[in-house]
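See structure below.
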Amino acid sequence: MKDNNIKFIQGNEACVEGAIYAGIDFFAGYPITPSTEIMEHLAYRLPQKGGKFIQMEDEIASMGAIIGASLTGNKVMTATSGPGFSLKQEALGYACMAEIPCVIANVQRGGPSTGNPTHVSQGDVNQVRWGTHGDHAIIALTASNHQDVFKITVEAFNMAETYRTPVVILLDEVIGHMREKLVIPKPGEIPVVARLRTSVKKGVDYHPYLPREDGRLPMSDFGAAHKYNVTGLFHDMWGFPNNDPRVVSELLRHLVDKIENNVNEINMYKEYWLDDAEYILISYGSSARSAIHLAKNRRARGIKIGVLELQTLWPFPSEMVREKCVNAKSVIVVEMNMGQIITQVKNAVDNPRNVFLANRIDGELISPTDIKSILRMIQGKGV
Amino acid sequence: MTEKPFNFKDYIRPRFFPHIWCPGCGHGIVLGSLLRAVHELGLNKNEIVITSGIGCSSRISGYVDFHSLHTIHGRALTFATGVKLSKPGLKAIVPMGDGDALAIGGNHFIHAARRNIDITAIVMNNRIYGMTGGQFSPLSGSGKKATTAPYLTIDRDFDVVELAKSAGATFVARSTVFHANECKDILKKAISHKGFSVVEILTQCPTYYGRKNKEGDAIQMMEGYKTNTTRIGSKKLEKNPNLIQRGIFVENTEVPEYCKAYDEIIKTAMKGKA
Ligand code: SF4
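Protein sequences appear in the order of chains A and B. Numbering-wise (the numbering used here), the first sequence opens with residue 1 and increments by one. Numbering-wise (the numbering used here), the second sequence opens with residue 1 and increments by one.
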């Protein structure tokens with residue numbers, strides 16, 4: 001019997017499969033390399049299940065459209081790459097402020113500017129965290145293989161609903177375009193979080209921005225019983241603009257705390273051979289593939305080396321990273337940028353002097369050999 | 001049509017008042033006409049989503065007791081597109097200022113018109129940025145004074161009606177706040193129209209545009225809307241072709257509405273599914 005659940009596809013398609021599994025209803029986007037396959041596949045797939053797809057006039061419009069569609073009760077997503085992600089920042093901040101669940105995939109290319117559209121980079125890590133103006137918190141997930149791309153995509157939708165926030169899926173060109181096997185899990189295998197809707201009856205006051213005891217904010221769909229205001233201004237529990245200093249500080253703290261205080265729940269990672277590791281490679285996305293390859297190879301030669309693969313980049317899991325690195329002689333952060341996550345790692349560990357960078361910034365995938373050179377230098381063996 | 005007489009209190013959120021507009025601002029008249037139009041159409045408040053951007057005019061969305069979405073500068077039509085396409089049963093109304101709609105939001109304006117998505121765009125044209133204190137807009141026209149044009153503007157202006165027409169809007173009309181009843185009637189037709197409708201309403205900003213350009217107070221500015229405008233194709237126009245025309249310029253029901261067209265795509269896709 002032919003099993004339709006096994007596929008040999010691109011990472012961008014794995015992301016689409018994850019979105020479908022998570023219950024995506026609405027996608028708005030604008031073509032951009034190397035993410036375009038996500039929108040192409042959703043243009044095909046969404047109407048088959050009665051969902052909606054729209055190609056907007058630009059990246060800003062795509063972001064606006066998904067926020068509007070989320071408010072009518074839909075699970076929504078857009079996909080882009082660096083230049084488009086830059087354009088989306090203002091509306092992304094709006095989604096943070098107004099607490100609108102939405103998912104944004106950024107398949108990274110080299111930057112700044114038009115940069116290196118068809119080549120790999122992980123240069124947007126810090127932009128994901130701080131791209132939109134003002135204090136805020138953000139969730140960003142990443143993965144190094146298609147099975148995990150699928151999984152983090154489902155989790156991105158889940159977290160968007162749970163925390164009422166934009167969630168960024170941060171892929172890179174290699175993951176997006178590489179083909180590999182994906183086994184689509186059976187329904188129910190990965191839990192899917194539904195929109196939390198208010199139980200407040202029609203005619204009874206509904207406070208859209210009054211958190212429940214557990215901190216969650218049940219929503220009411222536009223078109224349903226409750227008419228309320230949504231704004232990007234600081235607002236009170238009714239959603240009405242308010243610049244009372246107390247209201248402003250409370251809301252800002254809420255927006256940050258609801259994510260930063262749940263770092264352990266949000267944190268997803270994988271570890272390889274960490275138990276006795278003297279050398280720890282910390283990596284994520286396609287770089288992690290080379291890190292795992294190198295570690296396996298060195299293990300075979302008796303070197304106590306392991307890999308900590310981050311899947312949640314933001315909020316940064318400082319505590320977990322510190323604990324994992326407590327017994328390591330040296331930590332090597334493997335990433336394809338000038339050193340972005342390494343700053344977080346240095347802040348997290350007890351001894352930042354033992355943290356080194358193995359990077360590549362030329363549009364080529366970092367190789368196990370690249371990492372080996374750094375390792376040998378640290379070991380005092382020369383390159 | 002509802003039997004109940006119009007009472008604005010049925011349509012506003014008292015919690016939001018007093019409003020932020022200056023005395024003499026024309027925006028309140030637009031709000032009044034809009035609420036009367038909604039009332040006379042007998043629409044259910046729960047069916048209406050009002051989406052706006054940023055500016056004096058955009059504050060309308062918070063004042064009305066509909067589902068209201070106060071978004072970011074220039075992008076209201078994109079948010080409204082998401083609302084409408086995801087739930088086509090809702091009525092989408094988008095009040096915008098001239099800068100909001102046609103400077104920062106110009107691209108979205110023409111593309112919403114091109115798609116013919118069923119949204120009513122109201123361009124409240126006071127030819128100035130009021131919220132930020134009187135800078136010229138793409139509708140100010142040349143030879144005007146503004147804080148960013150101390151020596152007079154050299155920028156030409158858009159004709160909203162011509163722009164909307166050529167971008168493909170299937171309902172295009174113009175009125176002024178002096179003609180509040182006409183405004184209401186046009187808005188009724190625009191809201192009922194199945195497709196992208198554009199209603200330009202000339203409205204005064206006495207605080208900045210009026211003062212800077214010596215057009216007098218609110219009453220004098222409204223008088224201006226009476227004397228400088230005329231109905232489409234009226235006799236007055238023959239004598240004075242410079243008059244601004246009011247009325248409905250385009251009402252085309254032939255072009256498929258976007259959400260309806262997408263429903264057909266869904267049907268095709270569902271059939272084609274192996
Ligand atoms: S500044 Fe002008 S547009 Fe704004 S409220 Fe005052 S009069 Fe109205």
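Each residue gets a CB set at the ideal place from its N, CA and C atoms; glycine is no exception. The structure presented is a predicted model; accordingly, all values stated were derived computationally and were not measured.
Query                                                                                                                                                                                                   : Result
Below 6 Å, is the gap between the Cβ of T268 of chain B and the nearest heavy atom of the ligand SF4?                                                                                                   : no
Can H73 of chain B and I54 of chain B be called in contact, C-beta distance under 7 Å?                                                                                                                  : yes
Tell me, please, whether the CB atom of K329 of chain A is closer than 7 Å to any CB atom in chain B?                                                                                                   : no
Does any residue of chain A bring its CB to less than 7 Å from the CB of A274 of chain B?                                                                                                               : Because the pLDDT of A274 of chain B is 48, which lies under 50, any placement of that residue in the model is unreliable, and the number read from its coordinates should be weighed accordingly. For A274 of chain B, the answer is no, since every Cβ of chain A falls outside 7 Å of its Cβ.
Pairing CB atoms from the region 186–198 of chain A with CB atoms from the region 159–174 of chain A, are three or more of them under 8 Å?                                                              : yes
Just verifying my parser: in three-state terms, what is the DSSP assignment at L375 of chain A?                                                                                                         : helix
Can you tell me whether A288 of chain A is buried or exposed, with buried defined as 16 or more other CB within 10 angstroms of its CB?                                                                 : buried
Name the chain A residues whose beta carbon is nearer than 8 Å to that of K45 of chain B?                                                                                                               : K227
Should the region 112–119 of chain B be regarded as contacting the region 157–176 of chain B, the criterion being three or more beta carbon pairs within less than 8 Å?                                 : yes
Around the Cβ of V270 of chain B, are there at least 16 other Cβ atoms within 10 angstroms (buried) or fewer (exposed)?                                                                                 : Note that residue 270 of chain B corresponds to Met in the displayed sequence, not to Val. Per the 10 Å Cβ criterion, exposed.
Is I12 of chain B close to chain A? Criterion is C-beta to C-beta, closer than 7 Å.                                                                                                                     : no
Please report the straight-line C-alpha distance between K227 of chain A and F27 of chain A, rounded to a whole angstrom.                                                                               : 25 Å
Starting from the C-beta of A274 of chain B, find all residues in its chain whose C-beta is less than 7 Å away, skip the five residues before and the five after it, and write them out in chain order. : Since pLDDT at A274 of chain B reaches only 48, below the 50 mark, its modelled position is unreliable, and the value read off the structure follows with that caveat. There are no such residues.
Rounded to whole angstroms, what is the Cα-Cα separation between T153 of chain B and I48 of chain B?                                                                                                    : 39 Å
Report the neighbours of G89 of chain B on chain E: residues whose CB is nearer than 9 Å to its CB, in chain order.                                                                                     : The question asks about chain E, but that chain is absent: this structure's protein chains are A and B.
Which residues, in chain order, does the region 35–66 of chain A contribute to contact with chain B at a C-beta distance below 7 Å?                                                                     : P47, Q48, G50, K52, I54, M56, E57, D58, I60, A61, G64, A65 and I66
Can you pull the chain A neighbours of A269 of chain B, defined as C-beta to C-beta under 7 Å?                                                                                                          : P47 and Q48
Determine the burial state of Q10 of chain A: buried for a count of at least 16 other Cβ atoms within 10 Å of its Cβ, exposed for fewer.                                                                : buried
Would you say N126 of chain B touches the ligand SF4, meaning its beta carbon is less than 6 Å from a heavy atom?                                                                                       : yes
Is V259 of chain B helix, strand or coil by DSSP?                                                                                                                                                       : One point to set straight first is that residue 259 of chain B is Cys, not Val, in the sequence displayed. It is helical.
Which ranges would you report for the alpha helix (DSSP H) in the region 264–321 of chain A if only whole runs of at least 4 residues count?                                                            : 285–299
When you compare only the Cα positions, how much space is there between V355 of chain A and K372 of chain A?                                                                                            : 15 Å
Within the 7 Å Cβ cut-off, does V230 of chain A reach chain B?                                                                                                                                          : yes
So, helix, strand or coil for T229 of chain B, using DSSP?                                                                                                                                              : strand
Show which residues of chain A have a CB atom less than 9 Å away from the CB atom of F158 of chain B.                                                                                                   : Per Cβ cutoff of 9 Å: no residues; F158 of chain B is ~18 Å from chain A at best.
Which complete alpha helix (DSSP H) runs does the region 151–197 of chain A hold, if anything under 4 residues is left out?                                                                             : 173–177
Any residues in the region 68–91 of chain A with a beta carbon nearer than 9 Å to a beta carbon of chain B? Which ones, in chain order?                                                                 : G68, A69, S70, L71, T72, G73, N74, V76, E90 and A91
Rounding to the nearest angstrom, what Cα-Cα distance links G115 of chain A and A95 of chain A in this structure?                                                                                       : 27 Å
Between the beta-carbon of A92 of chain B and the beta-carbon of K84 of chain B, is there less than 7 Å?                                                                                                : yes
Is the CB of K260 of chain B under 7 Å away from at least one CB in chain A?                                                                                                                            : no
Please determine whether the Cβ atom of T207 of chain B lies at a distance below 6 Å from any heavy atom of the ligand SF4.                                                                             : yes
In the region 60–134 of chain B, which residue ranges form an unbroken beta strand (DSSP E) of at least 3 residues, counting only runs that do not cross its ends?                                      : 67–70, 91–97 and 119–125
Beta-carbon within less than 7 Å of N5 of chain A's beta-carbon, same chain only, minus the 5 sequence neighbours each way: which residues are those?                                                   : V183 and I184
Taking C-alpha atoms, which residue in B:A101, B:V64 and B:P256 lies nearest to H193 of chain B?                                                                                                        : B:P256
Going by the beta-carbon positions, is the gap between G97 of chain B and S57 of chain B smaller than 7 Å?                                                                                              : yes
Please classify T80 of chain A: does DSSP put it in a helix, a strand, or coil?                                                                                                                         : strand
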